Amino acid sequence: MAETFNKKEREKKRDQRRKEKQSKKEARKENATGGGWESMMAYVDENGILRDTPPDPSTKKEVKAKHIEIGIPRREKEEIDPFLTGVINYFDDTKGYGFIKTADDESFFVHQNNVSGQPMKGAKVRFEKEKGTKGWVAVRVTLI
């Protein structure tokens, strides 16, 4: 079967590219300065910083396995006072609801059924908070 001129040229170019690629590969191997696997090693120190030198064995600290916590650390039990204090800054007797403002400038909705005593504007109160349908609600409200 006869080969055309274009086909011969394409094969020559392909062979030339293969030879160039092979010569580049050999040149890279000759000029390589790396020492192999050891030059690619990285070490992490106790602060989490990557280093190219291994850590000094004299500064090594012994860690017991029982002191390592994986996941969320345990919390110390804290005594939390569930009661908050505040002042009634608005109360509507006809509708039976109002709002209590705390020292932290938080505002809580309060209903007349949750108040022991007669609520009125400006009265200091002590209460607990619960999650309601539309936000935090003051419950078990007592006048101070």
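Note that my numbering gives residue 33 to position 26 of the sequence shown, counting from 1, and the numbers run on in steps of one.
From the three backbone atoms N, C-alpha and C, an ideal C-beta is built for every residue, glycine too.
Owing to the predicted nature of the structure, the values given are computational and were not obtained by experimental measurement.
Simplified DSSP state of Thr60, which is helix, strand or coil:
coil
Give the straight-line distance between the Cα atoms of Lys36 and Trp44, rounded to the nearest whole angstrom.
15 Å
N- and C-terminal bounds of the alpha helix (DSSP H) containing Phe12
Phe12 to Asn38
Rounded C-beta distance between Asn121 and Val148? I'm assuming under 8 Å.
5 Å
What residues match up with Phe98 in a beta bridge as DSSP calls it?
Gly105
Are the CB atoms of Lys71 and Glu53 within a distance shorter than 9 Å?
no
Sequence-distant residues of its chain with Cβ nearer than 8 Å to Met127 (five each side left out)
Ile95 and Phe98
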